[in-house]
Structures are given as structure tokens and as C-alpha cells.
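Q: Attaching a single structure in C-alpha cells format; questions to follow.
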Amino acid sequence: MSDVMRCSDCGELFGFLAREVCGDCLRARDEAFWKARDWFRANHGTSIRAAAEALDIPVGMITGWVREGRLVLKSDATGDTDLAKIRDDKLRTDELRKAFAESAGTRTPPAPKKAPPTNPRTDNGGMYGRRSDA
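Next up, the structure:
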């Protein structure tokens, strides 16, 4: 028997399919994606907010498609803070990766550990009469 979960969009119960929405809501999201994609192709330079208002789609859903790489916005829409935030996050991530790569190349390796002294113990201390010094 499969697990049952509640759809995060409509609240209906459905068999768990490794996603948070039922099949009907997934189809509705896909239709909304294709509408948004066609909208951005027809209206170059429009902002995410303008598209969301015109198509009655949540802004978060459109920015999610941009983050996933399903939707690529090539124009710089003025006044679109969501798209600017996505770009800033990507630039910040790229800068951190570059700084990490540079610091890894200049880092000196740690000094080798000194070997423990080689004084054999005469007693068999430790748990159950055995002792390992390694």
C-alpha cells in the first residue's frame, strides 16, 4: 500500500509520488509554465511581476522556474527586484566558489604528526585485559 499525502495546492489526498502536488495540480502547474514561457517570448522586457499579474500566476512560482533553469529570462527588466535577487544570489555563489578555489591552492598542508614514543607497556591495562596503543 502506498503512502497517502495531502496536495499542497488543492488539499486533496493522493498517493505519494515523490512530489507535493496531485496529478491535477501538476498538470495545472505545467499549463501555467507554458503560458508564462509564451508570455515572456511575446513580451520581451516585461518584469516577473507584470507577467504574474497578467497571467494570474504567483510570483514565487515564476521565480522558482527561473531558479530551476526551466525558464530563462534574457532581458534586463527594470524594477524587477526578484530577477535581480536571483542574479545577485548567482553572482555571490560564483564569487564564493572562486574564492574557495583560490584559497585551496594557497593553503599550506598540515605538518605531519609525530609518531608516538615506542615504549612498550608491560601491563595489559584497558578493557578486558587488552590494550591497544595504536
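Here our numbering is used: the first residue of the sequence shown is 54, the next is one more, and so on. Quick reminder that beta carbons are idealized off the backbone N, C-alpha and C, glycines included. Source: prediction; values computed, not measured.
How big is the Cα-Cα spacing for S61 and F86?
A: Going from the Cα of S61 to the Cα of F86 covers about 18 angstroms.
Q: Is C75 near F67, with beta carbons less than 7 angstroms apart?
A: Their beta carbons are under 7 angstroms apart, which means C75 touches F67 by this criterion.
Q: Can you name, in chain order, every residue of its own chain whose Cβ lies under 6 angstroms from the Cβ of F93, other than the five neighbours on each side?
A: Here the set comprises nothing.
Q: Go to L79, then tell me how far its alpha helix (DSSP H) extends in each direction, as first and last residue.
A: 76-95 is the span of the alpha helix (DSSP H), which, as asked, contains L79.
Q: Determine the direct distance from the alpha carbon of D56 to that of H97, and round the result to whole angstroms.
A: Those two C-alpha atoms are separated by around 44 angstroms.
Q: Using the Cβ count rule (16 or more neighbours within 10 Å means buried), how would you classify T116?
A: Per the 10 Å Cβ criterion, buried.
Q: Taking the C-alpha atoms as reference points, what is the distance between G132 and D109?
A: In this prediction, G132 has a pLDDT of 49, which is less than 50 and means its spatial position is unreliable; what the coordinates show is noted afterwards. Rounded to whole angstroms, G132 to D109 spans 19 angstroms at the Cα level.
Q: So, at 6 angstroms on beta carbons, what are the nonlocal neighbours of R145 in its own chain, with the 5 sequence-adjacent residues on each side left out?
A: Within the same chain, R145 has no close Cβ partners at all.
Q: Let me know if A168 comes out buried or exposed under the rule of 16 or more other beta-carbons within 10 Å of its beta-carbon.
A: Its Cβ having fewer than 16 others within 10 Å, A168 is exposed.
Q: Whose CA, out of D147, A71, V125, lies closest to the CA of T99?
A: Comparing Cα positions, the closest option is V125.
Q: At what residues does the alpha helix (DSSP H) containing V119 begin and finish?
A: V119 -> alpha helix (DSSP H) spans 112-121.
Q: The alpha helix (DSSP H) spanning R44 covers which residue range?
A: Lying outside 54 to 187, the shown extent of the chain, residue 44 is not represented and no answer is given.
Q: Given a cut-off of 7 angstroms on the beta-carbon distance, is the pair A105 and V112 in contact?
A: Cβ atoms of A105 and V112: closer than 7 angstroms.
Q: Assuming R59 is part of the beta strand (DSSP E), what are its boundary residues?
A: Residues 57-59.
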